[in-house]
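In the numbering used here, the protein residues as written are 12 to 632. Built from N, CA and C at the ideal position, the CB exists for glycine as well.
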Amino acid sequence: MEKKLKISWFQVLIALLICAGYFFYFVNRAHVDLQIQVEKRTFFKIYWVGPGEKYSEKHHVEVLVKPGREQYRFYLTDLEKVSRLRIDPQEYRGVSRIKKIEITQNGFPPISLGENSGFSELQPGPQVQEAVPVENMLEVRSSGNDPFFEYTLPGGRIESNRIILLIRLGAIFLFICIGGMFTGPLLEEYRFVPMLLVAAITMAIVMAGTSRRDVHPDEHVHLEASKYFMDNWMPPRIEDEKIRNTYSRYGVSRLNNHEVYYFFAGKFASLFSDLKLDDYKILRAFNILLFISILLVTIIYTESRLVALPLLLSSQVWYLFSYCNSDAFSLFIAFIAAWQLTGSETLLKRFLIERPRWKTFGYGLIIGLFFGLVLLLKKNYYPFVFFLIGTLLFFCWSRRYELNPKRFFIRLTAILLIGGIFAGARVYLDYKVNGPERDAKIMAMRVKLTEPLFNPTTDLNKQYAYLRMKERGVTLTTIINVHRWCEKSFRSAFGVFGYSTISATHVFYDNLRWLLLGFFLFVSANLLFLGNWRIRAVYLWGLVLSVALICASIYHSWTVDFQAQGRYLFPIFPILGSVLVCSRDILYKKGLSLLVFIIFLMACYSFVAVGLAEIPGPGTL
């Protein structure tokens, strides 16, 4: 019997929310059309205040402007309570040329500065050395890094075409309701997850194919480390001249740790070396292949879709898979491990539960070797390893009357032993090549190759200011409040590109923060109020380890090197995915899907309009 199509109250609610969002974020906000020429990359900013108020960083928008591009469009705020604007054309000492600033909002008279109207209404600030009209443009010469103009809004309102607005809102409402009737089946078994992953992978492929070599964080050292294993099978000697180009400015080589990413990436590149492609494109293709593998797992195994669902929340995750780096490999391995942990018919569950058979021992060998890969991941994934082991032990204890505990613990011990032997073999090979003086050799190379600013032998007061900040007397409160560790980590976890130089506006991050908070509260409420004691225990265990990871990252920034990088916190994603799978029967699917879809759209905006638009391509400098 065919299922009848109908509009549910939930679809109506979604349509109303989207109409409200359209009104408040697009109709009820001013739009800026800017034409400007600058000498170097800088930020163009507009601040706004009401009567009697002072300018604040909380009330401004900024857009990255650069040489070679003149046209920019962005949204401002609702002009209803705005009386004055402060316009900052640049953040450098030099010249910029403003051709046009046009500000429009429904119900307000348009503001047009430049072209036919001129710029006479702009009042220059102290650092504006000169502002003269040149060929229908305002040439601004600044004496400092903070030139600005003030503009007083004319006030008053004009009649808006409300009929056209109502027609637009009605069309959006009907489109969402009717579309929801046909897309409802996508919610079943979370079928939308693979579809959205296809979109994310497509964007990652475009980034990998169009971005220039070494415009991504530390890609050059990842590339050189991977290329070593194109022609070698054993770990290198620490003093080997062949790996000098793998050392960073800190005097550290990725080949001196025990990660296996570089081995697999190098062998992959060697396999396809006959294609005569640029080496960096082949090595980027390896991470793209890992991303595609996640997609294939979600297509075949429905339970894995909830594990992958958190990966849809951040454009930074997709960005990781678009260039050569080991973090993408770690996230891929963690995804597979989380799926094996929580799936009902995975190799791990079969090995731990099924009665002895030859096939079962094969499962154990595969899982043991895979656990060895988990042990060789980056150090920030250690909390995830604890989550895996702790959850497995809890699984056995909570179901001790349904399982054979003795068999379970024996087989779990076998997995740990096989994994430990595999990981130990990798460590042994390194010590076989470099001997027991390995650590001393690494330190000697650090002293020899590190720039003076980062050299461990340099006097602390002459070292880079963000190293060993605790020893300098900097308090933890200063790290968080003054140096804004939390804000910088949040932004770089959800959409900062290049060498942390390409980012979205404050408005984007503020809106995304509220959406993610809503997502966290929604999931937490589902688990705590609707879940049983087992679900609550797994949730709290994951939450404790996630908080511990955040604390460890803050402590590292305080005591070693201030690096507020969100990718260090990415083990939280597979932990969250594991918790979602454990609670799949009690989650309110429609609400979860709605939140994920909205956050996914914002992530798409971040990746396309910010990342792809600003990342340097092959023909750029």
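### Query
DSSP beta-bridge partners for serine 264?
Tyr258
### Boundaries (first-last residue) of the alpha helix (DSSP H) holding histidine 269
Element bounds for histidine 269: n/a, residue is neither H nor E.
### Under the three-state DSSP convention, the category aspartate 470 falls into
coil
### Host alpha helix (DSSP H) of proline 144 (start-end)
Note, proline 144: premise wrong, no alpha helix (DSSP H); beta strand (DSSP E) at 139 to 145.
### Residue span of the beta strand (DSSP E) that contains methionine 214, given as start and end
Where methionine 214 is concerned, there is no enclosing beta strand (DSSP E), although the alpha helix (DSSP H) it sits in stretches over 203 to 221.
### Task
For glycine 628, name the three-state secondary structure that DSSP assigns.
coil
### Query
Roughly how many angstroms separate the alpha carbons of threonine 163 and leucine 185, rounded to a whole number?
41 Å
### Message
On the CB-based measure, 16 or more other CB atoms within 10 Å of its CB, does leucine 632 come out buried or exposed?
### Response
Summary for leucine 632: the model assigns pLDDT 49, below 50, so the residue's position carries little reliability, and this model does not support an answer.
### Query
How about threonine 115 and histidine 42: do their beta carbons lie closer than 7 Å?
yes
### Query
Got a sec? Which residues, its chain only, sit under 8 Å from phenylalanine 505 by beta carbon, not counting five neighbours each side?
Leu324, Ser325, Ser326, Gln327, Tyr520, Leu523, Leu527, Gly577, Ala614 and Ser617
### Task
Assign arginine 173 to one of two classes, buried (16 or more other C-beta atoms within 10 Å of its C-beta) or exposed (fewer than that).
exposed
#### Entry: Close beta carbons around lysine 278, own chain, < 8 Å, minus the five adjacent residues each side
Phe240 and Met241
### Task
From the DSSP output, read off the bridge partner residues of threonine 115.
His42
### Query
Between Gly125, Lys92, Asn117 and Ile490, which lies nearest to lysine 111 when the distance is taken from Cα to Cα?
Gly125
### Message
What does the Cβ neighbour count give for tyrosine 273, buried or exposed, with the cut at 16 atoms within 10 Å?
### Response
buried
### Which listed residue (Leu556, Phe573, Val555 and Ala536) has its alpha carbon closest to that of serine 594
Ala536
### Query
Whole alpha helix (DSSP H) runs in the region 534 to 604 with 4 or more residues, listed along the chain?
544 to 570 and 583 to 593
### Query
Going along the chain, which residues of its own chain have a beta-carbon closer than 8 Å to the beta-carbon of lysine 92, five neighbours each way excluded?
Gly61
### Query
Are the region 129 to 141 and the region 152 to 171 in contact at 8 Å, needing three or more beta carbon pairs?
yes
### Message
Buried or exposed, going by whether 16 or more other CB atoms sit within 10 Å of the CB of valine 507?
### Response
buried
### Query
Can you tell me whether DSSP reads leucine 389 as helix, strand or coil?
First, the residue type needs correcting, since residue 389 is lysine and not leucine in the sequence shown. Correct three-state label for lysine 389: coil.
### Task
Tell me whether glycine 506 sits in a helix, a strand or coil according to DSSP, three-state version.
coil
### Environment of proline 246 [buried if 16+ CB atoms lie within 10 Å]
buried
### Query
How many whole angstroms separate the CB atoms of glycine 628 and alanine 349, which I take to be in contact at a CB cut-off of 8 Å?
Not a contact, Cβ separation roughly 35 Å.
### Query
Is the region 381 to 400 in contact with the region 552 to 568, if contact means three or more CB pairs nearer than 8 Å?
yes
#### Entry: Three CB pairs or more closer than 8 Å across the region 455 to 467 and the region 252 to 265
yes
#### Entry: Distance between beta carbons of leucine 487 and isoleucine 429, contact taken as under 8 Å
With 8 Å as the limit, isoleucine 429 and leucine 487 do not qualify as a contact, their Cβ atoms being about 41 Å apart.
### Range covered by the beta strand (DSSP E) that runs through leucine 343
Checking the sequence shown, residue 343 turns out to be phenylalanine, not leucine. Here phenylalanine 343 belongs to no beta strand (DSSP E); instead the alpha helix (DSSP H) covers 337 to 353.
### Message
So the candidates are Ser67, Phe85 and Arg80; which of them puts its Cα closest to the Cα of glutamate 73?
### Response
Phe85
#### Entry: leucine 359 versus leucine 352 - alpha carbon distance
7 Å
### Message
In the DSSP assignment, the beta strand (DSSP E) including glutamate 73 goes from what residue to what residue?
### Response
71 to 76
### Query
Taking the runs of the beta strand (DSSP E) that are 3 residues or longer, which of them lie wholly in the region 141 to 194?
148 to 153 and 160 to 163
### Query
Going by C-alpha distance, which of Gln574, Phe433, Leu591 and Gly529 is nearest valine 549?
Leu591
### Query
Under the three-state reduction of DSSP, which class applies to threonine 357: helix, strand or coil?
coil
### Query
What number of angstroms, rounded off, separates the C-alpha of phenylalanine 531 from the C-alpha of leucine 399?
21 Å
### Message
Less than 7 Å between the beta carbons of leucine 208 and alanine 236, yes or no?
### Response
no
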